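Since the structure comes first, as structure tokens, the remarks are kept for the end.
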Amino acid sequence: MYRTNYCGLVTQSQLDEEVTLCGWVDRRRDHGGVIFIDLRDREGIVQVVFDPDAGAFFALADKVRTEYVLKVRGRVRARSAETVNAAMNTGEVEIYGVHLEILNEALTPPFQLDQHVVVGEDVRLKYRYMDLRRADMQKSLRLRSAVSNSIRNYLSEHGFLDVETPIMTRATPEGARDYLIPSRTYPGQFFAMPQSPQLFKQMLMVAGCDRYYQIAKCFRDEDLRADRQPEFTQIDVEASFVDEQDVMALAEQMISAVFAEHMDVDLGEFPRMTYAEAMHRFGSDKPDMRIPLELVEIKDLLADIEFKVFAGPANDPNCRVSALKVPGGATISRKQIDQYTKFVGVYGAKGLAWIKVNALEDGVEGLQSPIIKFLGEAVTLDIMHRLQAQNGDIVFFGADKSQVVSEALGALRCRIGADLNLYSCQWAPLWVVDFPMFEALDGGGLTPLHHPFTAPSCSAEALLKAPADALSRAYDVVLNGYELGGGSIRIHDQAMQTNVFDVLGIDSDEQRDKFGFLLDALQYGAPPHGGIALGLDRLMMLMLGSDSIRDVIAFPKTQSAACLLTEAPSPVASSQLRDLGIRVRKSDS
């Protein structure tokens with residue numbers, strides 16, 4: 015037997031028991047002829063003591079170094095009152111060592127595993143097996159496992175079947191590039207790795223599965239951010255004979271149960287907001303409702319001024335002119351304003367106008383801004399009145415294409431909320447509903463806002479007559495400004511699915527080529543159905559208070575989609591390429 019206990023689970027209830035432990039040397043100390051070894055495993059650390067009475071094992075203990083792998087046998091005893099370590103779960107006990115075996119030696123670690131030591135992410139990812147030994151990473155893995163288990167139990171108890179769907183499938187348009195797999199047996203043809211199990215779970219509903227779930231791996235070849243990875247895990251759920259309320263209630267109860275069980279948090283009510291309201295008030299379809307700042311439209315107040323920076327957008331139906339008031343924000347320095355100006359530039363904003371409210375009772379003389387002279391006294395005071403500005407406030411402005419203003423001021427709202435710690439609560443869940451079916455492409459035409467299998471909330475006639483105005487039966491769940499997941503009621507009628515493809519400019523030949531199996535299946539008694547997919551990585555990131563999903567994935571990729579540990583992607587032998595009928599073309603650069 016290698017061990018009888020985990021290091022971090024030894025307790026006072028085991029006093030005078032003999033235990034056998036295995037683990038890594040977290041620290042070794044020699045105090046006047048007595049050697050102390052902090053032995054660590056996934057459950058924590060326990061102190062082991064060797065004194066000269068241990069004979070050869072005492073001499074062996076003198077040779078161990080940090081991260082050596084040990085097997086220790088000894089007796090559990092209480093620490094003296096003055097040596098109790100309240101910071102450790104095992105801080106009231108120690109192991110009096112009587113036997114020691116070095117199972118493996120270790121090189122000096124590439125970085126300290128101390129939680130307070132800052133290590134560059136590139137080094138952490140290259141030596142991920144060492145990084146995962148750190149206590150916070152062990153906590154992340156344990157919580158992820160526990161949450162996954164709770165979700166499986168919850169869905170199983172609600173009648174859902176865990177069904178696996180293929181990883182090798184065919185390419186279908188879902189908003190991002192596919193990772194492709196060349197076929198050796200079908201030269202010149204390719205499988206695609208799934209962006210989601212969307213069509214297969216719909217097939218399962220047609221098949222009478224009724225309730226399906228899967229904790230599924232998905233793949234998207236897209237530009238990355240801190241909360242995205244090329245391969246990610248989603249909690250995928252689909253059910254038959256349901257409407258929006260059924261799916262949303264199930265997901266809400268499941269998320270609430272997970273937070274209650276693992277964080278002792280009551281998320282409370284999940285309010286609902288339409289997409290149009292979210293964009294109008296917060297400039298985002300995933301607003302952080304902890305931040306009590308809103309965008310206010312002032313387009314009508316600026317239509318008649320001569321200052322074209324504002325007057326142009328004010329008279330353009332495709333633009334918006336909005337203001338963001340920050341109570342108490344007049345203390346924001348000019349240097350910080352310049353940084354915010356650079357920040358909104360990332361979202362396409364050409365600048366960031368502002369007004370500080372120093373003494374509103376003095377009229378425009380009590381305001382500070384380089385733009386007041388262009389707005390004029392009357393318009394400036396009208397803006398202050400609409401915003402209900404108070405002394406000590408600052409107001410930021412956006413005037414541009416609607417998307418640019420929404421994204422720039424929406425992001426600025428979140429940035430200022432974080433910088434000034436304006437959060438009104440710790441957790442703020444939200445359902446966003448009534449999304450548009452489509453969004454316009456720059457070159458003309460329409461593309462699905464979610465995916466082309468989402469059911470519209472209007473009739474087929476209304477869809478074909480005014481597709482740009484059609485709303486969908488889609489819903490997103492948002493938590494603290496992050497989209498936790500999204501879903502919809504699906505199209506279960508072949509004629510309606512064909513209509514949607516027609517609106518998207520997908521001709522009948524392409525429909526048969528790419529989606530023939532779906533269109534055929536919908537003719538064989540497809541039930542009304544819908545579902546939702548929740549991002550497990552993003553959920554864990556929020557629960558652990560991390561800024562990056564790379565901290566909650568065992569072996570993540572970098573922001574450039576590389577694995578530093580295995581040095582993937584990597585070249586392959588020319589013989590392998592020949593078998594696949596592939597020739598690599600070198601870049602001109």
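Numbering (the working numbering), first residue to last: 15 to 603. The beta carbon of each residue, even a glycine, is placed where N, CA and C say it ideally should be. Everything numeric in this text was worked out from a predicted model, so none of it was measured.
- Exclusion of the five residues before and after Val161 leaves Val272, His276, Leu550, Leu553, Met554, Met557 as the residues of its chain whose Cβ lies within less than 8 angstroms of its Cβ.
- For the pair Tyr289 and Asp302, the CB atoms are not nearer than the 9 angstroms cut-off.
- Within 10 angstroms of the beta-carbon of His464 lie 16 or more other beta-carbons, which makes it buried.
- Sequence-distant Cβ neighbours of Asn329 in its own chain, meaning closer than 6 angstroms and more than five residues away, are Ala317.
- Runs of the alpha helix (DSSP H) lying entirely within the region 409 to 477 and spanning at least 4 residues, in chain order: 416 to 433.
- If only uninterrupted alpha helix (DSSP H) runs of at least 4 residues are considered, those enclosed by the region 338 to 388 are 348 to 359.
- Residue environment: Glu258 is assigned as buried (16 or more neighbouring CB atoms within 10 Å of its CB, all protein chains considered).
- Of the residues Ala454, Thr355, Ile397, the one whose Cα lies closest to the Cα of Arg427 is Thr355.
- Under the three-state reduction of DSSP output, Ser502 falls in the strand class.
- Contact between the region 531 to 539 and the region 506 to 522 is present: 3 or more CB-CB pairs across the two stretches fall below 8 angstroms.
- A buried status is given to Pro466, since no fewer than 16 other beta-carbon atoms sit within 10 Å of its beta-carbon.
- Taking a cut-off of 8 angstroms on C-beta distances, the region 480 to 487 touches the region 442 to 456, as three or more cross pairs fall below it.
- Judged by DSSP in its simplified three-state form, His543 adopts strand.
- The way I'd put it, the region 403 to 415 doesn't touch the region 240 to 249; fewer than three beta-carbon pairs between them come closer than 8 angstroms.
- Counting along the chain, Gln228 sits inside no alpha helix (DSSP H); it lies in the beta strand (DSSP E) bounded by residues 225 to 233.
- Separation of Leu281 and Ala442 (C-alpha to C-alpha, rounded to the nearest whole angstrom) is 7 angstroms.
- Note that the C-beta distance between Asp176 and Gln228 is below 9 angstroms.
- By the neighbour-count criterion, in which a residue is buried when 16 or more other Cβ atoms sit within 10 angstroms of its Cβ, His543 is buried.
- Put simply, of Ala92, Ser347, Leu395 the residue whose alpha carbon is nearest the alpha carbon of Gly380 is Leu395.
- Note that the C-beta distance between Val60 and Gly22 is below 9 angstroms.
- Rounded to whole angstroms, the separation of the alpha carbons of Val220 and Ser197 is 29 angstroms.
- Distances from the CA of Leu146 to each of Asn435, Arg56, Leu315 were compared; the closest alpha carbon is that of Arg56.
- Around the CB of Pro462, 16 or more other CB atoms lie within 10 Å, so the residue is classed as buried.
- The residue among Pro285, Ile249, Ser254, Cys472 with its C-alpha nearest the C-alpha of Met268 is Ile249.
- Considering only Leu264, Val598, Glu581, the residue with the shortest C-alpha distance to Ser588 is Val598.
- In this structure Phe411 touches Ala337 by the C-beta definition: roughly 5 angstroms separates them, less than 8 angstroms.
- Under the three-state reduction of DSSP, Thr247 is assigned to strand.
- Gly545 is not a Cβ neighbour of Tyr82, given a cutoff of 9 angstroms.
- Scanning Gly105, Ala230, Gln203, Phe296 for the CA closest to the CA of Phe214 turns up Ala230.
- With a beta-carbon spacing of about 15 angstroms, Asp565 and Ser159 fall beyond the 8 angstroms limit used to define contacts.
- The region 488 to 497 makes no contact with the region 198 to 214: fewer than 3 CB pairs, one atom from each, lie closer than 8 angstroms.
- When DSSP reads this structure, Pro196 sits in a beta bridge with Phe204.
- DSSP links Glu106 through a beta bridge to no other residue.
- Closest in C-alpha terms to Leu444, from the list Glu291, Asn513, Phe388, comes Glu291.
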